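Chains as they are written, first to last, in the working numbering: chain A, 781 to 1092; chain B, 849 to 1123. Okay, so here's the structure we're looking at.
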Amino acid sequence: MTFSTDMSVAIGTLSLRNPVITASGTFASGREFADFVDLSRLGAIVTKGVSLEPWEGNDSPRIAETASGMLNSIGLQNPGVEAFMERDLQWLADNAADTPVLVNVSGHTAEEYARVIERLETVDNVAGYEVNISCPNVDEGGMVFGMHCAPAADVVAKCRRATERPLIVKLSPNVTDVTDIARAVVAEGADAVSLINTLLGMAIDATTFRPKLARGVGGLSGPAIKPVALRMVWQVANAVAVPVIGMGGIMTAEDAVEFMLAGATAVAVGTASFVDPTAVIRVIDGMAEFCHARGIRRAADLTGALVAEPDA
Amino acid sequence: MSDACQDISQGHPLLEHVEVLGNERLAKGVGLVTLKAPRIAAAVEPGQFVHLRIAQGRDFILRRPFSIHRAEGDDVEILYQVLGRGTRELAGMGTGTAMDAVGPLGCGWRVADGVSHVLLVSGGLGAAPLGMLAERLAERGVAVTVAMGAPTDDRLVARELFEGVARRVEVTTDDGSAGMRGFVTLLTQELIAAGEFEQICACGPEPMQRIVAAQADAAGVPCQVSLERLMACGIGACLSCVVSTREGHKRACVDGPVFDAREVVWDASEVPPKH
Ligand SMILES: Cc1cc2nc3c(=O)[nH]c(=O)nc-3n(C[C@H](O)[C@H](O)[C@H](O)COP(=O)(O)OP(=O)(O)OC[C@H]3O[C@@H](n4cnc5c(N)ncnc54)[C@H](O)[C@@H]3O)c2cc1C
Ligand SMILES: Cc1cc2nc3c(=O)[nH]c(=O)nc-3n(C[C@H](O)[C@H](O)[C@H](O)COP(=O)(O)O)c2cc1C
Ligand code: FES
């Protein structure tokens, strides 16, 4: 069989060379990984969350390892949008100019989200935005917006007015019905949704009677959350017409393929990059091999190709 | 690589497949593992660390950071204390075990040219990142004095190494089984006040480092400390490992682990002491 699989996929008007992107907050802006990863091979780079002003983040300890996963309560530490533009976006323009950059956006209020986007509209090398209404690690903003339809819709409406670039909305799994929130943000003009952000969790040290994280609670990520993430991606892909970006515990190409089968158009690799700094490349290469071995000509054909009946 | 390291020309980290060449028990719960890691060994500077993938295919997924105690030829040595699953696994690794390592990582010790006498202060496993420093300083002709403390005599690991290269080695133990009875900070109080040192490099439990930092500050002697934080990525991307400094949060994995003691805001964010 001599053919090569077309790995490209489209998220609205944005075309990606392959479906594999980085998960926000796990890859910084790519610079720290440049010793391990050829950034020009990635589908896209999704940056760490950026807010209008600098945020100091939470106290240490900020992480705790759990069975097949980890909790984090970083608290969206970031230098603010101005410093981000000067340092990170400039570095990306100089070092990864041909890879689309999606900026993950945070705010304490709906207006703040929109103002971050307004600032970023002034630079060329931003391909689109991922609006984070699902961070469990801050008291104001973050997940507070993503837990109910009305505030979620309000943030998205204000961001939509600020840009014509692709707008992706990142959904929280810490809700009763994730499809309600997905429909609400799509109704306000979201071009795509991404999920899942981390699951709110806790770890306790029985020898000290104390929580392991300074903040008490944090977000669970890694292989432990993959079944929940797959279920939610499948539900949302069946509920809305826009592309879905799937993530949560992807460690291997096979994990990534499972998310595509559940209905994802693209996938993001997060915690796996801490375990293996080359993980995102392994997933890209593995997915291409997977497609080739099975005679799949377009990676996009995997999206939603789940066969309803389980194997008997 | 972080901007912070550029002025001391520490190189880029790499991913290397390493192999256990030997694994020796030194005391109860303390061991020394020798790894064949030619590329890391060639690049490492004193005070840097490696991020080891100990638990491939287990239900604990994160790497574990360890200081490089010594580097010689193609090999690096790691001094470890068994605390939990990762270090238990490491203690059980036989010769020939393969794993992968990311390193060398972080900003190590910085001893400027012209400094003629340095005090190294080690508490327990704090000796780990100081071994290579003592050797390198001695090679440069810098006089080294070591003050080391441990719970018991058998846990004064690296004592022989220090005695081989230092002008003077003073010890304390919690139980008096070697040297003066008590904490190493009793020794450093007098040593620092005597005024012989142009620089101090300290590593050990954070409360110890904080006391040494205060003693150094009172005597007007520059002091560097090596701080531990829980780490996920180890390369500066995840912001798990921050230390509070006068300039805000800095990452222990790339801006540290060695910090100027005056920069550190000593607070409740330290990891609890090991025992
Ligand atoms: C830059 C750096 C250099 C280090 N160098 C060395 C070294 O040379 N030799 C060495 O033995 N250790 C070193 N450590 C500490 C070492 O990384 C941890 O002890 C190890 O990760 C514990 O893994 P584990 O799976 O055995 O324990 P876990 O099961 O992860 O934890 C067991 C217990 O130990 C505690 N613990 C975990 N990590 C630390 C820590 N960093 N400090 C204090 N308590 C902790 C946990 O809270 C828990 O209570 C270093 C850490 C850093 C950040
Ligand atoms: C340390 C850490 C920091 C994160 N920071 C952000 C962030 O700034 N913005 C965001 O939308 N998601 C953030 N996330 C969530 C991830 O992007 C991702 O949704 C989640 O970790 C699930 O994927 P994974 O299991 O592959 O890591 C963070 C996750 C981790 C582990
Ligand atoms: S461990 Fe990830 S930034 Fe330091």
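Each residue gets a CB set at the ideal place from its N, CA and C atoms; glycine is no exception. As the structure is a prediction and not an experimental result, all values here were calculated from the model.
Assigned with DSSP and collapsed to three states, A:Lys-950 falls in strand. Shortest gap from the CB of A:Met-1027 to any heavy atom of ligand 2: under 7 Å. For A:Ala-1009, there is no enclosing beta strand (DSSP E); the residue is part of the alpha helix (DSSP H) that begins and ends at 1006-1017. Interface with chain B (8 Å Cβ-Cβ cutoff): A:Ser-820 is excluded.
Looking from the CA of B:Phe-1045, the closest CA among B:Val-878, B:Phe-1031 and B:Val-1069 belongs to B:Val-1069. For A:Asn-852 and B:Met-1028, the gap between their C-alpha atoms comes out near 43 Å. Around B:Val-1113, the same chain offers Ser-1092, Thr-1093 and Arg-1094 as residues with beta carbons nearer than 7 Å, after the five sequence neighbours per side are excluded. For A:Gln-857, the secondary structure class from DSSP, reduced to helix, strand or coil, is coil. The beta-carbon of A:Met-850 is placed less than 8 Å from the nearest beta-carbon of chain B.
Classified as buried, A:Asn-917 has 16 or more neighbouring CB atoms from the shown chains inside 10 Å of its CB.
In the DSSP secondary-structure assignment, B:Gln-929 is bridged to B:Val-878. Contact between B:Phe-908 and A:Glu-845 holds, since their C-beta atoms are separated by about 6 Å, short of 8 Å.
Against chain B, the CB of A:Thr-1058 has a partner CB under 8 Å away; the residue lies at that interface.
Per DSSP, reduced to three states, the secondary structure at B:Gln-1063 is helical. At least 8 Å separates the CB of A:Phe-783 from every CB of chain B. Cα atoms of A:Glu-862 and A:Val-896: separation of roughly 9 Å, rounded to the nearest angstrom. For B:Met-947, the uninterrupted beta strand (DSSP E) run begins and ends at 946-953, by DSSP. A:Glu-910 has a beta carbon lying at 8 Å or more from every beta carbon in chain B.
Rounded to the nearest angstrom, the gap between the Cα atoms of B:Ala-885 and B:Gly-859 is 16 Å. Shown in chain order are the members of the segment 946-979 of chain B whose Cβ falls below 7 Å from a Cβ of chain A: Val-950. DSSP, read as helix, strand or coil, puts A:Cys-915 in coil.
Between ligand 3 and B:Gly-989, a heavy atom-to-CB distance of less than 7 Å is absent.
Taking B:Ile-1048 as the centre and dropping the five residues before and after it, the same chain places the C-beta of Leu-967, Ala-1064, Val-1069 and Cys-1071 closer than 6 Å to its C-beta, in chain order.
Between the alpha carbons of A:Arg-821 and B:Ile-916 lies a distance of about 33 Å. The continuous stretches of alpha helix (DSSP H) do not include B:Ala-991, which lies in the beta strand (DSSP E) extending over residues 991-998. Between ligand 3 and the CB of B:Gly-1082, the shortest heavy atom gap is smaller than 7 Å. Ligand 1 has a heavy atom closer than 7 Å to the beta-carbon of B:Ala-1100. Taking each of B:Ala-975, B:Ala-946 and B:Ile-888 in turn and checking the Cα distance to B:Asn-871, the smallest one comes out for B:Ala-946.
Burial is judged here by how many other beta carbons sit within 10 angstroms of a residue's own beta carbon; B:Gln-904 has fewer than 16 and is exposed. For B:Ala-960, the closest C-alpha among the options B:Ala-1042, B:Val-1090, B:Leu-981 and B:Thr-1021 is that of B:Leu-981. Proximity of the segment 988-995 of chain B to the segment 921-931 of chain B falls short of the contact definition, fewer than three beta-carbon pairs being nearer than 8 Å. By alpha-carbon distance to B:Glu-1038, the top candidate from B:Gly-942, B:Ala-975, B:Glu-1018 and B:Arg-958 is B:Glu-1018. In the DSSP assignment, no residue is bridged to A:Ser-848. Residue burial is scored here from C-beta neighbours: A:Ser-784 has fewer than 16 other C-beta atoms within 10 angstroms and is therefore classed as exposed. Within the segment 1053-1084 of chain B, the residues whose Cβ lies closer than 9 Å to any Cβ of chain A are, in chain order, Arg-1077, Leu-1078, Met-1079, Ala-1080, Cys-1081, Gly-1082, Ile-1083 and Gly-1084. Secondary structure note for B:Asp-1108: its beta strand (DSSP E) is the uninterrupted segment 1106-1108.
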